[in-house]
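K.L.:
Next up is a structure, given as C-alpha cells.
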Amino acid sequence: MDPAMPTLTSTSVSRTVVKLDSGCHEFKIIGYSSSKGIGVGKYITSEMFTVGGHHWCLRYYPDGYEKDDRGEYVSVFIESVDTACDVKALFDIRLLDPTSGAASTSTPEVVKPHVFRVPCDTWGFYQFIRKKDLEASTFLRDDCFTIRCNLVVVKELSDVADTLANTSINQPD
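Numbering of the sequence shown is given in this note's numbering, commencing with residue 40 and proceeding in unit increments.
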C-alpha cells in the first residue's frame, strides 16, 4: 500500500425521498363587469381546496393589487391557508377557454418552487392580464371567465443519514 495514500476509515451516505402531490382548482368568475370597481388591493376569494394535504385558495383582484398599475390589470394570487407549517410548492395560473377548455399560454407561470410561510402566505401575479386584453379575449364570455391553478406540493418524506463506520478501503498493490 502506498504510504502517501490515506486509508479511509468511514463513509457517510445521506438520501432524501421527495414526493410530489399535484392538483388543480378552477375558479369561475361570474359577473366580471360587476366585480370591477371594488378598488385596488381588494380581492375576491375562491372556495378553499386541498392539494398535498394542505389548504389553499385563489385571490382574484379585479382592479389589481398595486396602485402603481392604476387599476389596468387583473391580479391573481394563490394563498396557503395553513397555519401549522411552511409548504413548498410550484404552480401555474392560467385562463381557460370557455369553449375548448384549453388553458391560455400567454399568462405567466412559476417554474421554481416557492416556500409558502405560515401563516397564510400568498404568491402570484400583480400583472396577470390587462383588463382591456381580458375584455377583448375569447376567455371572457357572457361576462364570465375561469381561472385554473395547477399546483404541485413538494414533500420531503425523509432525510436519512447512514454512517458506515470503520469501513476500510485499501488500494490494490
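Glycine included, each C-beta is placed from N, C-alpha and C at the ideal position.
Taking the alpha-carbon positions, what's the residue 52 to residue 141 distance?
P.N.:
Position 13 of the sequence shown, counting from 1, holds the residue named residue 52. Position 102 of the sequence shown, counting from 1, holds the residue named residue 141. Going from the Cα of residue 52 to the Cα of residue 141 covers about 46 Å.
K.L.:
Where does the unbroken beta strand (DSSP E) through residue 118 begin, and where does it stop?
P.N.:
Position 79 of the sequence shown holds residue 118. Residue 118 -> beta strand (DSSP E) spans 112-119.
K.L.:
Check whether the Cβ atoms of residue 167 and residue 113 lie closer than 7 Å to each other.
P.N.:
In the sequence shown, residue 167 corresponds to position 128, counting from 1. In the sequence shown, residue 113 corresponds to position 74, counting from 1. Yes, the pair counts as a contact, with Cβ atoms nearer than the cut-off.
K.L.:
In its own chain, which residues sit with a C-beta less than 6 Å from the C-beta of residue 64, not counting the 5 before and 5 after it?
P.N.:
In the sequence shown, counting from the first residue as 1, residue 64 sits at position 25. Excluding sequence neighbours, residue 64 sits near 88 and 188.
K.L.:
According to DSSP, is residue 175 helix, strand or coil?
P.N.:
By one-based count along the sequence shown, residue 175 stands at place 136. Three-state result, residue 175: helix.
K.L.:
Under 7 Å, do residue 121 and residue 93 count as touching if we go by C-beta distance?
P.N.:
Here the question's residue 121 lines up with position 82 in the sequence shown. Here the question's residue 93 lines up with position 54 in the sequence shown. Result yes, Cβ atoms of residue 121 and residue 93 sit closer than 7 Å.
K.L.:
Report yes if the C-beta distance between residue 61 and residue 191 is below 7 Å; otherwise report no.
P.N.:
Here residue 61 refers to the residue found at position 22 when the sequence shown is read from its first residue. Here residue 191 refers to the residue found at position 152 when the sequence shown is read from its first residue. Yes.
K.L.:
On the three-state DSSP scale, how would you describe residue 54?
P.N.:
Locating residue 54 in the sequence shown gives position 15, where the first residue counts as 1. Residue state, collapsed to three classes: strand.
K.L.:
With 16 other CB atoms within 10 Å as the buried threshold, where does residue 124 fall?
P.N.:
Here residue 124 refers to the residue found at position 85 when the sequence shown is read from its first residue. By the 10 Å Cβ count, residue 124 comes out exposed.
K.L.:
Which word fits residue 118, buried or exposed, when buried means at least 16 other C-beta atoms lie within 10 angstroms of its C-beta?
P.N.:
Taking the first residue of the sequence shown as position 1, residue 118 is located at position 79. Buried: at least 16 other Cβ atoms inside 10 Å.
K.L.:
Under 7 Å between C-beta atoms, does residue 70 make it to chain C?
P.N.:
The chain inventory of the structure shown lacks chain C, comprising one protein chain alone.
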